[in-house]
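Worksheet for the structure shown next.
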Amino acid sequence: MPVLESLMLGEKTAVVFDIGSVYTKCGFAGETGPRFIMPTEITLPTGEKRSISSCDGKDKRREFLTTFLYNIYYRHLLVNPKDRRVVVVESVLCPSSFREVLADVLFNHFEAPSVLFATSHLMALFTLGISSAVVLDCGYTDAQVLPVYEGYTLLNAWQSAQLGSKRIHENIRGYLNENAKLVDVINGESQLTPCPDCFISEHIVEDIKVRTCFISPHNRAVQWKAWKDSAESSVTKPNLYQETFIFPLDKLGNERPIQVASDIRELAVECLFSGDNDQITITTLILRSILLAPIDIRRKLAENIVLIGGTTMLPGFVSRLMEELNSLVELPEFSKLQALKGSFKFHNPPGEANYIGWLGGAIFGALECLPGRSLSRSSFLGNGLVPDWCTQIDQKHNDLERQDTTRQ
Numbered sequence: 297m298p299v300l301e302s303l304m305l306g307e308k309t310a311v312v313f314d315i316g317s318v319y320t321k322c323g324f325a326g327e328t329g330p331r332f333i334m335p336t337e338i339t340l341p342t343g344e345k346r347s348i349s350s351c352d353g354k355d356k357r358r359e360f361l362t363t364f365l366y367n368i369y370y371r372h373l374l375v376n377p378k379d380r381r382v383v384v385v386e387s388v389l390c391p392s393s394f395r396e397v398l399a400d401v402l403f404n405h406f407e408a409p410s411v412l413f414a415t416s417h418l419m420a421l422f423t424l425g426i427s428s429a430v431v432l433d434c435g436y437t438d439a440q441v442l443p444v445y446e447g448y449t450l451l452n453a454w455q456s457a458q459l460g461s462k463r464i465h466e467n468i469r470g471y472l473n474e475n476a477k478l479v480d481v482i483n484g485e486s487q488l489t490p491c492p493d494c495f496i497s498e499h500i501v502e503d504i505k506v507r508t509c510f511i512s513p514h515n516r517a518v519q520w521k522a523w524k525d526s527a528e529s530s531v532t533k534p535n536l537y538q539e540t541f542i543f544p545l546d547k548l549g550n551e552r553p554i555q556v557a558s559d560i561r562e563l564a565v566e567c568l569f570s571g572d573n574d575q576i577t578i579t580t581l582i583l584r585s586i587l588l589a590p591i592d593i594r595r596k597l598a599e600n601i602v603l604i605g606g607t608t609m610l611p612g613f614v615s616r617l618m619e620e621l622n623s624l625v626e627l628p629e630f631s632k633l634q635a636l637k638g639s640f641k642f643h644n645p646p647g648e649a650n651y652i653g654w655l656g657g658a659i660f661g662a663l664e665c666l667p668g669r670s671l672s673r674s675s676f677l678g679n680g681l682v683p684d685w686c687t688q689i690d691q692k693h694n695d696l697e698r699q700d701t702t703r704q
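The structure is reproduced here in structure tokens:
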């Protein structure tokens with residue numbers, strides 16, 4: 297019985313993890329936000345930092361997760377892992393191999409009582425109290441769109457593309473390599489020198505993105521595209537407040553600032569909406585996902601769009617996405633969706649977009665049904681298998697059908 301199991305465990309609140317490729321959110325169920333948002337990395341005895349993305353193979357991942365979770369449990373959350381159930385908020389694209397290693401570490405090393413694996417798209421809806429929506433999760437590596445109708449995920453309408461912060465970071469790094477200059481003060485005068493590649497670390501790139509970049513409106517993006525495509529510079533460059541800006545590096549371990557061209561603030565992030573060779577953008581992902589959904593629920597999905605993930609927090613993202621949706625819906629590819637023009641609406645979740653998935657997991661982790669929905673330690677030690685979250689949904693559905701048949 298779930299209630300009896302909770303009483304036996306002293307009804308201690310569950311621990312909620314959202315382990316991303318760059319940042320990890322951790323905290324307790326029932327709280328309004330994560331206790332800590334930290335880089336998904338560990339520091340080796342040599343002083344070198346190692347990230348989860350650099351760990352290939354189960355052994356290296358197990359070693360990384362053991363050290364990483366130890367730091368979370370004993371240095372940040374300050375709790376005994378044996379007393380706390382665990383809720384893991386994961387991506388739809390989370391590999392089964394990673395899930396199995398994570399479960400092995402939690403059950404065998406930390407002896408967690410139970411673990412629940414839940415997708416971030418479903419958990420995000422718990423924060424809004426709705427059961428139907430199109431959820432866009434735009435994080436570091438990619439952007440994923442998954443429609444949810446009455447609590448059921450429409451996997452046939454799932455869309456994904458590598459349109460995340462990683463793509464933006466690559467653009468910023470390219471601009472810096474071409475145009476950035478170090479500012480040296482010699483005899484009271486500022487002099488510019490080429491910026492070596494070693495100066496352009498990932499921290500500098502991310503800091504420039506967060507502090508300076510923004511999404512331009514659609515009409516200004518058209519002007520930038522016309523200027524870039526003009527081989528003979530016959531098109532006037534869009535107006536800028538200033539051609540360059542000085543970006544300080546003192547907080548990033550360098551006393552000398554760098555001079556950066558101002559157009560990087562807009563052009564570096566334009567990749568999210570400009571499209572690649574296949575004309576895939578954030579907007580087309582959403583429209584194609586709605587187009588693949590049943591015709592009678594398309595309007596409801598269009599009126600309930602939820603944005604999660606740190607990349608969606610860029611200034612101007614929501615307004616630009618609204619413009620693009622109402623514009624691209626008139627293309628022949630989306631002719632069946634033209635009736636939805638002007639119907640697109642976005643929800644405003646009760647928190648920042650980068651931890652909405654975690655917040656939904658914290659809400660679900662506080663429910664009494666958590667023990668019955670979770671994978672228990674005894675079950676895992678018995679067969680060593682970690683069922684996929686969609687497999688669990690099918691199993692629950694089959695159990696309900698068998699119960700109805702028995703009653704009849």
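According to the numbering used here, the sequence shown is numbered sequentially starting from 297. Note that CB positions come from ideal geometry on N, CA and C, so glycine has one too. All figures in this text were calculated on a predicted structure; none of them were measured in a lab.
For my contact list, residue i and residue j are in at a C-beta cut-off of 8 Å; report their separation, rounded to the angstrom.
{"i": "residue 624", "j": "residue 583", "result": "6 Å"}
{"i": "residue 612", "j": "residue 511", "result": "4 Å"}
{"i": "residue 331", "j": "residue 343", "result": "The Cβ separation is near 26 Å, so there is no contact."}
{"i": "residue 568", "j": "residue 455", "result": "Their Cβ separation, rounded to whole angstroms, is 14 Å, which puts residue 568 and residue 455 out of contact at 8 Å."}
{"i": "residue 641", "j": "residue 601", "result": "7 Å"}
{"i": "residue 397", "j": "residue 354", "result": "5 Å"}
{"i": "residue 578", "j": "residue 459", "result": "6 Å"}
{"i": "residue 500", "j": "residue 545", "result": "7 Å"}
{"i": "residue 565", "j": "residue 509", "result": "5 Å"}
{"i": "residue 450", "j": "residue 589", "result": "6 Å"}
{"i": "residue 309", "j": "residue 326", "result": "6 Å"}
{"i": "residue 676", "j": "residue 403", "result": "5 Å"}
{"i": "residue 603", "j": "residue 614", "result": "7 Å"}
{"i": "residue 606", "j": "residue 461", "result": "7 Å"}
Grouping DSSP H, G and I as helix and E and B as strand, with all else coil, what is residue i?
{"i": "residue 366", "result": "helix"}
{"i": "residue 453", "result": "helix"}
{"i": "residue 274", "result": "In this structure the chain extends from 297 to 704, so residue 274 is not present and cannot be described."}
{"i": "residue 540", "result": "strand"}
{"i": "residue 510", "result": "coil"}
{"i": "residue 667", "result": "helix"}
{"i": "residue 545", "result": "coil"}
{"i": "residue 565", "result": "coil"}
{"i": "residue 474", "result": "helix"}
{"i": "residue 443", "result": "strand"}
{"i": "residue 386", "result": "strand"}
{"i": "residue 480", "result": "strand"}
{"i": "residue 531", "result": "coil"}
{"i": "residue 312", "result": "strand"}
{"i": "residue 555", "result": "strand"}
{"i": "residue 497", "result": "coil"}
{"i": "residue 461", "result": "helix"}
{"i": "residue 674", "result": "helix"}
{"i": "residue 373", "result": "helix"}
{"i": "residue 651", "result": "helix"}
{"i": "residue 466", "result": "helix"}
What's the gap between the Cα of residue i and the Cα of residue j?
{"i": "residue 553", "j": "residue 672", "result": "53 Å"}
{"i": "residue 504", "j": "residue 491", "result": "15 Å"}
{"i": "residue 316", "j": "residue 438", "result": "12 Å"}
{"i": "residue 539", "j": "residue 474", "result": "15 Å"}
{"i": "residue 301", "j": "residue 659", "result": "The predicted model places residue 301 with a pLDDT of 44, which falls under 50 and marks its position as unreliable; any figure quoted below should be read in that light. Going from the Cα of residue 301 to the Cα of residue 659 covers about 19 Å."}
{"i": "residue 720", "j": "residue 348", "result": "Lying before the first or after the last residue shown, residue 720 is absent from the chain, which here runs from 297 to 704."}
{"i": "residue 534", "j": "residue 470", "result": "21 Å"}
{"i": "residue 696", "j": "residue 633", "result": "Because the pLDDT at residue 696 is just 44, under 50, the model does not fix this residue reliably, and the value given afterwards should be weighed accordingly. The alpha-carbon atoms of residue 696 and residue 633 are separated by roughly 36 Å."}
{"i": "residue 656", "j": "residue 597", "result": "19 Å"}
{"i": "residue 652", "j": "residue 318", "result": "16 Å"}
{"i": "residue 639", "j": "residue 626", "result": "13 Å"}
{"i": "residue 619", "j": "residue 480", "result": "43 Å"}
{"i": "residue 531", "j": "residue 431", "result": "38 Å"}
{"i": "residue 498", "j": "residue 465", "result": "8 Å"}
{"i": "residue 424", "j": "residue 478", "result": "47 Å"}
{"i": "residue 381", "j": "residue 678", "result": "18 Å"}
{"i": "residue 561", "j": "residue 394", "result": "36 Å"}
{"i": "residue 661", "j": "residue 420", "result": "13 Å"}
{"i": "residue 370", "j": "residue 337", "result": "16 Å"}
{"i": "residue 362", "j": "residue 595", "result": "46 Å"}
{"i": "residue 346", "j": "residue 339", "result": "6 Å"}
{"i": "residue 276", "j": "residue 401", "result": "This structure cannot settle anything about residue 276, because the visible part of the chain is limited to 297 through 704."}
{"i": "residue 313", "j": "residue 447", "result": "22 Å"}
{"i": "residue 467", "j": "residue 406", "result": "41 Å"}
Quick check: is any heavy atom of the ligand MN less than 6 Å from the C-beta of residue i?
{"i": "residue 356", "result": "Absent from the structure shown: the ligand MN. Ligands present: none."}
For this session: Output the residue ranges of the beta strand (DSSP E) runs that lie fully inside the stretch 319–364 and measure 3 residues or longer, sorted by chain position.
Result: Entirely contained in the stretch 319–364, the beta strand (DSSP E) runs reaching 3 residues are, in chain order, 319–324, 332–335, 337–339, 345–347.
For this session: Identify every run of the alpha helix (DSSP H) within the stretch 394–433, keeping only runs that are complete inside it and at least 4 residues long; order them along the chain.
Result: The DSSP assignment places complete alpha helix (DSSP H) segments of no fewer than 4 residues inside the stretch 394–433 at 416–422, in order along the chain.
Problem set entry | Three-pair Cβ contact test at 8 Å for the stretch 638–657 versus the stretch 359–377 | The stretch 638–657 is not in contact with the stretch 359–377.
Exercise. Any contact of the stretch 398–418 with the stretch 432–446, i.e. 3+ C-beta pairs under 8 Å?
Worked result: Taking a contact to require three or more Cβ pairs closer than 8 Å, the stretch 398–418 and the stretch 432–446 qualify as touching.
Problem set entry | Segments of 4+ residues assigned as alpha helix (DSSP H) that fall wholly inside the stretch 575–645 | Whole alpha helix (DSSP H) segments, 4+ residues: 578–588, 594–598, 613–624.
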